[in-house]
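See structure below.
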Amino acid sequence: MAKLDRATVIAEALDLLDEVGLDAVSTRPLAKRLGVQQPSLFWHFRKKEDLLAAMAEAAMAPHASAPLPQPTDDWREWFLENTRDFRRTLLMRRDGARLHAGLLPGPGDLGRIAHKMAFLTSAGTPEADAQMAMLAASRFTVGCVLEEQADADDNRQRDSASVPPIDHESAFEAGLALILGGLVARVSTRGR
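Just so you know, we're using the numbering used here here: the sequence shown kicks off at 586 and counts up by one.
Quick look at the structure:
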C-alpha cells in the first residue's frame, strides 16, 4: 500500500463531501474510502475540526488563486467579479458555504486580502468603507449560497401557489448591486 499523504486525505474527504454532504463526513467512512484504519487519519489530522479546516481551505483554492486586481482595473467591476468568483467557488462543492462559514483567513490569504484592500483604497475608497464592503459582500455571499444549497438539498415538495421558486442567481446579483451601490455612494460622498 502506498503511503497516505495529507493531500490525498483532503482530496478524498472533499469527494466524500460531494457524495454525502457535510453532516455525513466523518473519519470512519473516509478511512474506508482510503482503505486504511481510522487511526491512520490522525497522523495527518488530530481531530475532525482540523480535517474540516483543511477541506475548507482546499475547497477555496480556486478563489484563492484567482488573479489579483491590477492598478488599471475598474474597482467597481473588480469588486463585482471578485464576489461572483467567491460565490462560484462556494458552489463548486456540496455544502461549500457551510464548510467555509466561520473559516478564518490563513497566513496565505492575508497577503491577498491586503492587496485587495490596497487596490480599493488606491481607487479612492476609504479604508474603513473598503473593509466593511468586503466583509458585507463576503457574508452576503456565504448566506446566499447557504440558502441556495439548502434549497438544492431540500426534498420537500413546495406549495408553488404560496412559495414561488427563487432565482438564486438573480437574487444574488440584486443584493450585490445594492452593496456596490452603497459603497459607490460612500466614495462619491467623501469625494465631494
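Backbone N, C-alpha and C define an ideal beta-carbon position, used for all residues, glycine too.
Quiz item: What is the DSSP secondary structure of T710, counted as helix, strand or coil?
Solution: coil
Quiz item: Leaving out the 5 sequence neighbours to the left and right, which residues in its chain are closer than 7 Å to E662 when beta-carbon positions are compared?
Solution: none
Quiz item: Any idea if D680 is buried or exposed, counting beta-carbon neighbours within 10 angstroms, 16 or more meaning buried?
Solution: buried
Exercise. Return the Cβ separation of A644 and L599 in integer angstroms, given the expectation that the two are a contact with Cβ distance under 8 Å.
Key: 6 Å
Practice problem: Tell me whether D658 sits in a helix, a strand or coil according to DSSP, three-state version. | Solution: coil
Quiz prompt | Any 3 or more C-beta pairs closer than 8 Å across the stretch 719-728 and the stretch 761-770 | solution = yes
Quiz item: Taking Cβ positions, are F757 and R631 nearer each other than 8 Å?
Solution: no
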